[in-house]
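Asks: Okay, here's the structure, questions in a sec.
In the numbering used here, the protein residues as written are 22 to 215.
Encoded structure:
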């Protein structure tokens, strides 16, 4: 594993990114603070000013990726001129897939970790659920719930939309899958089956 010396003054984020890289290379079973320090080129005591344990670092890594993704999705939704419009869902879906195409290491890390939980139930505790999924639920309720769609149909719609964009992100980030079109240009057509 090549050593990537830490130079730029943001040790916390360097440790997080190195930790994600390490898990993607070797798996969670081989993860250790010592190995993350080696990747960053810092002493083995350096991470303890930011993280109490490897579990704290793992949690920070998951939070880091989730926050970045959530910010991208919020930006896509806020950029839509009309609220209560399906355009928000389209832009959110496109942004979800493109985020992971541009950051495939995050997809592999985030969804291979056993600690990642997404509760598909409409009645799930939103404060404990995956924030991007909760955003999708909120928008679907706003877009279709006002039209009297039944709770069961709303839940089915949410799962369908989630499965579509998550599946596209999964396929698009797989190294052994080839696609001869431009993902960015085709995502909307695929999402809405045009």
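Virtual Cβ for every residue (Gly too), placed ideally from N, Cα, C. Remember, predicted model here, so these are calculated numbers, not experimental data.
Alpha carbon to alpha carbon, how far is residue 58 from residue 44? Give it in angstroms, no decimals.
Replies: Start at 1 with the first residue of the chain shown, and residue 44 comes out as number 23. Start at 1 with the first residue of the chain shown, and residue 58 comes out as number 37. For residue 44 and residue 58, the distance between alpha carbons rounds to 13 Å.
Asks: May I ask you to report which of helix, strand or coil DSSP gives residue 202?
Replies: In the chain shown, residue 202 corresponds to position 181, counting from 1. Here residue 202 sits in coil by DSSP.
Asks: Taking only three categories from DSSP, how would you classify residue 74?
Replies: By 1-based counting over the chain shown, the position of residue 74 is 53. Correct three-state label for residue 74: coil.
Asks: Near residue 185, which residues of its chain fall below 8 Å by C-beta distance, leaving aside the five closest residues on each side in sequence?
Replies: If you number the chain shown from 1, residue 185 lands on position 164. The answer, listed in chain order, is 114, 211 and 212.
Asks: The alpha helix (DSSP H) that contains residue 38, what's its start and end?
Replies: Counting from 1 along the chain shown, the entry for residue 38 is found at position 17. Where residue 38 is concerned, the enclosing alpha helix (DSSP H) stretches over 32 to 47.
Asks: Residues in its own chain within less than 7 Å of residue 126 by CB, not counting five upstream and five downstream?
Replies: Sequence index remark: in the chain shown, residue 126 carries index 105 (1-based). Cβ neighbours of residue 126 beyond the five flanking positions: 41, 42 and 45.
Asks: Count the other CB atoms within 10 Å of the CB of residue 99; is the residue buried (16 or more) or exposed (fewer)?
Replies: Locating residue 99 in the chain shown gives position 78, counting from the first residue. Residue 99 should be labelled exposed.
Asks: The alpha helix (DSSP H) spanning residue 50 covers which residue range?
Replies: Counted from its first residue, the chain shown places residue 50 at position 29. Per DSSP, residue 50 belongs to no alpha helix (DSSP H) and is neither H nor E.
Asks: Tell me the residue span of the alpha helix (DSSP H) that contains residue 191.
Replies: Taking the first residue of the chain shown as position 1, residue 191 is located at position 170. Where residue 191 is concerned, the enclosing alpha helix (DSSP H) stretches over 172 to 194.
Asks: Could you check which residue in 120, 74, 64 and 70 has the C-alpha nearest to that of residue 88?
Replies: As a working mapping, residue 88 is identified with position 67 in the chain shown. Nearest of 120, 74, 64 and 70 to residue 88, Cα basis: 120.
Asks: Identify the continuous alpha helix (DSSP H) that holds residue 123 and give its terminal residues.
Replies: Working through the chain shown from its first residue, we reach residue 123 at position 102. Where residue 123 is concerned, the enclosing alpha helix (DSSP H) stretches over 107 to 123.
Asks: What residue from 144, 63, 137 and 97 has the CA that sits closest to residue 81's CA?
Replies: As a working note, residue 81 is residue 60 in the chain shown. The residue with the shortest Cα to Cα distance from residue 81 is 137.
Asks: Relative to the C-alpha of residue 70, which candidate in 165, 33, 197 and 163 has its C-alpha closest?
Replies: Translated into the one-based positions of the chain shown, residue 70 becomes position 49. Residue 70 has its Cα closest to that of 33, out of 165, 33, 197 and 163.
Asks: Determine the extent of the alpha helix (DSSP H) in which residue 138 is found, giving its start and end residues.
Replies: Translated into the one-based positions of the chain shown, residue 138 becomes position 117. Neither: residue 138 is in no alpha helix (DSSP H) and is coded neither H nor E.
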